[in-house]
Amino acid sequence: VVRPLRKKRQLNKTIQMQHLNQHLGIFDDGHGSRGRDVCRRHELYVSFRDLGWLDWVIAPQGYSAYYCEGECNYPLGHRMNSTNHATMQALIHLMKPEVVPKVCCVPTELSAISVLYYDRSNNVILRKEHNMVVQACGCH
Amino acid sequence: GGHGPRPPYVFPQRRLGVQERRDLQREILAVLGLPELPRRRPSPATSRQPASAPLFMLDLYHAVANGDDDGGPLQPHLGRSDLVMSFVNMVERDCTLDYQEPHWKEFHFDLTQIPAGEIVTAAEFRIYKEPSTHPLNTTLHVSMFEVVQEHSNRESDLFFLDLQTLRSGDEKWLVLDITAASDRWLLNHKKDLGLRLYVETEDGHSMDPGLAGLLGQQAPRSKQPFMVGFFRASRNPVRTPR
Numbered sequence: 024v025v026r027p028l029r030k031k032r033q034l035n036k037t038i039q040m041q042h043l044n045q046h047l048g049i050f051d052d053g054h055g056s057r058g059r060d061v062c063r064r065h066e067l068y069v070s071f072r073d074l075g076w077l078d079w080v081i082a083p084q085g086y087s088a089y090y091c092e093g094e095c096n097y098p099l100g101h102r103m104n105s106t107n108h109a110t111m112q113a114l115i116h117l118m119k120p121e122v123v124p125k126v127c128c129v130p131t132e133l134s135a136i137s138v139l140y141y142d143r144s145n146n147v148i149l150r151k152e153h154n155m156v157v158q159a160c161g162c163h
Numbered sequence: 149g150g151h152g153p154r155p156p157y158v159f160p161q162r163r164l165g166v167q168e169r170r171d172l173q174r175e176i177l178a179v180l181g182l183p184e185l186p187r188r189r190p191s192p193a194t195s196r197q198p199a200s201a202p203l204f205m206l207d208l209y210h211a212v213a214n215g216d217d218d219g220g221p222l223q224p225h226l227g228r229s230d231l232v233m234s235f236v237n238m239v240e241r242d243c244t245l246d247y248q249e250p251h252w253k254e255f256h257f258d259l260t261q262i263p264a265g266e267i268v269t270a271a272e273f274r275i276y277k278e279p280s281t282h283p284l285n286t287t288l289h290v291s292m293f294e295v296v297q298e299h300s301n302r303e304s305d306l307f308f309l310d311l312q313t314l315r316s317g318d319e320k321w322l323v324l325d326i327t328a329a330s331d332r333w334l335l336n337h338k339k340d341l342g343l344r345l346y347v348e349t350e351d352g353h354s355m356d357p358g359l360a361g362l363l364g365q366q367a368p369r370s371k372q373p374f375m376v377g378f379f380r381a382s383r384n385p386v387r388t389p390r
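Just so you know, the sequences run in chain order Y and Z.
Counting from 1, position 33 in the first sequence corresponds to residue 56 in our numbering; the numbering is continuous, with no gaps.
Counting from 1, position 29 in the second sequence corresponds to residue 177 in our numbering; the numbering is continuous, with no gaps.
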């Protein structure tokens with residue numbers, strides 16, 4: 024579920040993300056004007072209520088998962104933790120853009136959430152689910 | 149591919165069919181290591197009152213959630229655990245007849261739902277103690293044993309797990325460490341012969357746990373005994389390809 028945010032909150036979030044992304048070297052000065060294409064984190068609220076899972080998930084009712092969208096433009100900032108493979112794919116894309124797509128914008132840092140739920144025997148389970156929330160986006 | 153220009157990338161807009169959606173949901177659940185598709189739980193009249201285990205687990209959840217946000221300290225076992233499970237007491241046996249000593253109470257749990265590959269980091273047995281006036285203002289020793297082997301002609305073999313000392317007038321949740329027993333149960337589910345609880349007065353006399361104020365299965369739901377296991381995952385859940 025992508026919930027529309029209030030304008031002020033969204034602006035604050037964008038500013039915060041720009042700081043985070045700049046720290047990670049995602050924004051490249053040469054492509055700064057192409058803001059729409061830049062790899063960045065977007066709001067995504069996963070609602071267990073909307074999924075119909077509240078029959079068995081006790082808490083939380085949902086959580087902010089975020090997602091990554093955009094393009095990874097090269098050359099990357101020197102702090103960018105890019106793999107050799109990503110670099111090669113970017114190079115091939117420049118040569119044959121119709122054959123090989125641009126390197127994807129993916130989560131580079133994820134964090135866990137805790138979920139409380141019933142099992143089949145009505146025992147209650149608290150489980151830490153790893154890699155559920157996007158903390159930062161980038162190209163690997 | 150490779151022939152003609154590549155169309156601009158867009159997110160797939162196609163709506164999933166019912167079966168596709170079901171398959172996808174099942175796959176997501178498998179990735180999360182959660183049990184099958186949601187199933188509506190029966191809600192008998194008795195379940196309207198909150199039960200002790202879910203209440204305790206909800207407190208744990210809030211402790212974790214607040215700890216995540218504030219970076220504050222968590223309960224010691226929580227920090228080392230990926231999974232915490234509560235188990236409702238399935239069977240309770242009493243040996244509290246006046247002419248038979250010592251008195252004891254036995255508890256059994258169904259541990260078959262623990263996912264494979266989990267390692268026990270700690271386990272607790274929690275039992276509620278109400279203030280007791282019989283005997284008045286006395287020191288009581290509550291000890292917990294694992295039943296290791298049962299015999300038809302003599303007393304069962306027991307393994308000592310924990311001892312707590314308290315006053316007869318105390319009112320609180322009593323927490324007994326049963327990590328050693330749960331470790332063995334996890335290795336061999338068939339060897340789960342239960343936990344046995346004894347109460348002794350300071351002068352060594354056996355006492356009926358009920359008279360000491362320890363509540364069993366007959367207590368209100370919010371005060372029934374239960375067990376909590378803290379586990380650490382030894383590997384990630386395996387995802388079955390569709």
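Just so you know, even glycine gets a beta-carbon here, dropped at the ideal spot from N, CA and C.
Burial state of residue i, where buried means 16 or more other Cβ atoms lie within 10 Å
i	result
Y:Ala146	For the sequence presented, residue 146 of chain Y should be read as Asn rather than Ala. Y:Asn146 comes out buried.
Y:Gly58	With a pLDDT of 49 at Y:Gly58, under the threshold of 50, the modelled position of that residue is not reliable, and the figure given next carries that caveat. Exposed, because fewer than 16 other Cβ atoms sit within 10 Å of the Cβ of Y:Gly58.
Z:Phe308	exposed
Z:Leu172	exposed
Z:Leu345	buried
Y:Gly161	buried
Y:Leu47	Only weak support exists for where Y:Leu47 lies, its pLDDT of 38 falling under 50; the value from the coordinates is given anyway. It is buried - the Cβ of Y:Leu47 has at least 16 other Cβ atoms within 10 Å.
Z:Glu298	exposed
Y:Ser56	Because the pLDDT at Y:Ser56 is just 37, under 50, the model does not fix this residue reliably, and the value given afterwards should be weighed accordingly. Y:Ser56 comes out exposed.
Z:Glu294	buried
Z:Met205	buried
Y:Val61	buried
Y:Leu117	exposed
Y:Arg63	buried
Z:Val290	buried
Same chain, Cβ closer than 7 Å to residue i, neighbours up to 5 away in sequence not counted
i	result
Z:Glu319	Lys277, Glu278 and Pro279
Z:Cys243	His251 and Trp252
Z:Trp321	Arg274 and Tyr276
Z:Leu203	Ser370
Z:Ala201	Ser234, Val236 and Phe374
Z:Gly342	Glu254, Phe255, His256 and Val295
Residue i to residue j span [Cα, whole Å]
i	j	result
Z:Arg302	Z:Lys371	33 Å
Y:Cys95	Y:Val69	26 Å
Y:Glu121	Y:Ile115	10 Å
Z:Ile176	Y:Leu139	17 Å
Y:Ile49	Z:Phe379	The pLDDT assigned to Y:Ile49 is 38, lower than 50, so where the model puts this residue is not dependable; a value taken from the coordinates is nonetheless given after this. About 38 Å.
Y:Gln153	Y:Asp142	This sequence places His at residue 153 of chain Y; Gln is not what is there. If I take the Cα positions, the gap works out to 19 Å.
Z:His353	Y:Ile136	49 Å
Z:Phe235	Z:Leu164	38 Å
Z:Ala213	Z:Ala328	29 Å
Y:Gln45	Y:Val126	Because Y:Gln45 sits at a pLDDT of 40, beneath the cut-off of 50, its placement in the model cannot be relied upon, and the following sentence gives the value as read from the coordinates. Between Y:Gln45 and Y:Val126, the C-alpha separation is close to 19 Å.
Z:Leu324	Y:Pro83	29 Å
Y:Ala113	Y:Asn107	10 Å
Y:Arg150	Z:Val232	6 Å
Z:Asp356	Z:Ile262	32 Å
Z:Gly317	Z:Thr349	13 Å
Z:Asp305	Y:Ser87	52 Å
Y:Arg72	Z:Leu284	51 Å
Z:Thr269	Z:Trp333	13 Å
Y:Asp52	Z:Glu168	Model confidence at Y:Asp52 stands at a pLDDT of 31, short of 50, so the residue's coordinates are unreliable; what they give is reported in the following sentence. Rounded to the nearest angstrom, the two C-alpha atoms are 43 Å apart.
Z:Met375	Z:Leu226	15 Å
Y:His54	Z:Leu335	The pLDDT assigned to Y:His54 is 36, lower than 50, so where the model puts this residue is not dependable; a value taken from the coordinates is nonetheless given after this. Rounded to the nearest angstrom, the two C-alpha atoms are 58 Å apart.
Y:Met111	Y:Pro124	12 Å
Z:Leu311	Z:Met292	6 Å
Y:Tyr90	Y:Leu74	18 Å
Y:Trp79	Y:Lys119	50 Å
Z:Val166	Z:Arg174	12 Å
Y:Ile148	Z:Val239	20 Å
Spatial neighbours of residue i in its chain, beta-carbon cut-off 6 Å, leaving aside the 5 residues before and after
i	result
Z:Pro373	Asn237 and Ile275
Z:Asp230	Arg380 and Ala381
Z:Ala199	Arg369
Z:Arg241	Glu254
Z:Asp331	Val268
Z:Ala360	Ser280, Leu288 and Val347
Z:Leu362	Ile275 and Lys277
Z:His282	Leu359
Z:Ala271	Ile326, Thr327, Ser330 and Gly377
Same chain, Cβ closer than 8 Å to residue i, five either side skipped, listed in chain order
i	result
Z:Thr287	Thr313, Leu314, Arg315, Ser316, Thr349 and Glu350
Z:Gln197	Pro368, Arg369 and Ser370
Legend entry - Meets three-Cβ-pair contact criterion under 8 Å: the stretch 117-134 of chain Y and the stretch 151-160 of chain Y: Yes: the two stretches touch, three or more of their Cβ pairs being nearer than 8 Å.
Inset, instruction - Using a Cβ-Cβ cut-off of less than 9 Å, list which residues of the stretch 139-161 of chain Y approach chain Z; keep chain order. - result: So the close ones are Leu139, Tyr140, Tyr141, Asp142, Arg143, Ser144, Asn145, Asn146, Val147, Ile148, Leu149, Arg150, Lys151, Glu152, His153 and Met155.
Legend entry - Within 9 Å of chain Z by C-beta, residues of the stretch 69-82 of chain Y in sequence order: Those would be Leu74, Gly75, Trp76, Leu77, Asp78, Trp79, Val80, Ile81 and Ala82, in chain order.
Inset, instruction - Identify each residue in the stretch 230-242 of chain Z for which the Cβ-Cβ distance to at least one residue of chain Y is less than 8 Å, and report them in chain order. - result: Listed in sequence order: Asp230, Leu231, Val232, Met233, Ser234, Phe235 and Val236.
Inset, instruction - Taking only beta carbons into account, state which residues of the stretch 249-261 of chain Z come closer than 7 Å to chain Y, listed in chain order. - result: For the stretch 249-261 of chain Z, which is checked against every Cβ of chain Y, the residues closer than 7 Å are Asp258 and Gln261.
Inset, instruction - Would you list, in chain order, the members of the stretch 127-139 of chain Y that have their beta-carbon closer than 9 Å to a beta-carbon of chain Z? - result: Of all residues in the stretch 127-139 of chain Y, Ser134, Ala135, Ile136, Ser137, Val138 and Leu139 have a Cβ within less than 9 Å of some Cβ in chain Z.
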